[in-house]
Amino acid sequence: MKNELGVTMEHVRCAFCRGKGKDPFGIMSSLSTCCVCGGKGTVQVQAPYVGCAHCQGSGAIKTLTCTVCRGAGVIPAPAGPTRVCPECQGTGDDTSASAMCCLTCRGRGWVSAE
Ligand SMILES: [Zn+2]
Ligand SMILES: [Zn+2]
Ligand SMILES: [Zn+2]
């Protein structure tokens, strides 16, 4: 499925709530709706996509939505050649505070090889 910009979009299972559509951490209440997918259990992402390094595909950093993938667990795949981020060695985490994303690669774990 392509959108009006010619970008292929795919539905994937919401990583943050694991497809349940409910807030996985019950911050407000265990019945509250997942803030990532709005309760649908799936999110739309740009394809092709790769797993998010910062949250390791879980969509969450502790009990917060991952800022890199916004909770989807995946991010759009790089368009060109990449190399492992020299700052975080591919973890996507800030080396001094792992809950923060690496500023060099913006949490992706890779940087453009150019
Ligand atoms: Zn969800
Ligand atoms: Zn993430
Ligand atoms: Zn990095």
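Numbering of the sequence shown is given in the numbering used here, commencing with residue 8 and proceeding in unit increments.
We treat Cβ as the ideally placed atom computed from N, Cα and C, and that holds for glycine.
Spatial neighbours of residue i within its chain, please: C-beta separation below 7 Å, excluding the five flanking residues on both sides.
i: residue 84; result: 55, 56 and 57
i: residue 19; result: 49, 50, 52, 79 and 81
May I ask you to list the residues that DSSP assigns as paired with residue i?
i: residue 58; result: 81
i: residue 17; result: 52
i: residue 75; result: In the DSSP output, where bridge partners are listed per residue, residue 75 has none listed.
i: residue 119; result: 89
i: residue 34; result: None; residue 34 has no bridge partner.
i: residue 40; result: 29
i: residue 67; result: 72
In angstroms with no decimal places, state the Cα-to-Cα distance between residue i and residue j.
i: residue 114; j: residue 71; result: 15 Å
i: residue 94; j: residue 59; result: 16 Å
i: residue 82; j: residue 9; result: 17 Å
i: residue 77; j: residue 44; result: 10 Å
i: residue 105; j: residue 38; result: 29 Å
i: residue 92; j: residue 99; result: 8 Å
i: residue 29; j: residue 73; result: 16 Å
i: residue 111; j: residue 61; result: 12 Å
i: residue 135; j: residue 79; result: Residue 135 lies beyond the stretch modelled for the chain, which goes from 8 to 121, so this question has no answer here.
Counting contacts by CB-CB distance shorter than 8 Å, is residue i in contact with chain D?
i: residue 79; result: Protein chain content of the structure displayed is limited to a single chain, and chain D is not contained in it.
For residue i, count neighbouring Cβ atoms within 10 angstroms of its own Cβ and tell me buried if that reaches 16, exposed if not.
i: residue 102; result: exposed
i: residue 13; result: exposed
i: residue 33; result: exposed
Whose C-beta lies closer than 8 Å to the C-beta of residue i among residues of the same chain, with five residues either side of it excluded?
i: residue 16; result: 8, 9, 10, 51, 52, 53 and 54
Does the distance between the C-beta of residue i and the nearest non-hydrogen atom of ligand 5 fall short of 7 Å?
i: residue 92; result: Looking at this structure, you won't find ligand 5 anywhere; what it does contain is ligand 1, ligand 2 and ligand 3.
Does the count of Cβ pairs from the stretch 10-27 and the stretch 60-67 closer than 8 Å reach three?
yes
At a cut of 8 Å, does the stretch 109-121 reach the stretch 84-97 through at least three beta carbon pairs?
yes
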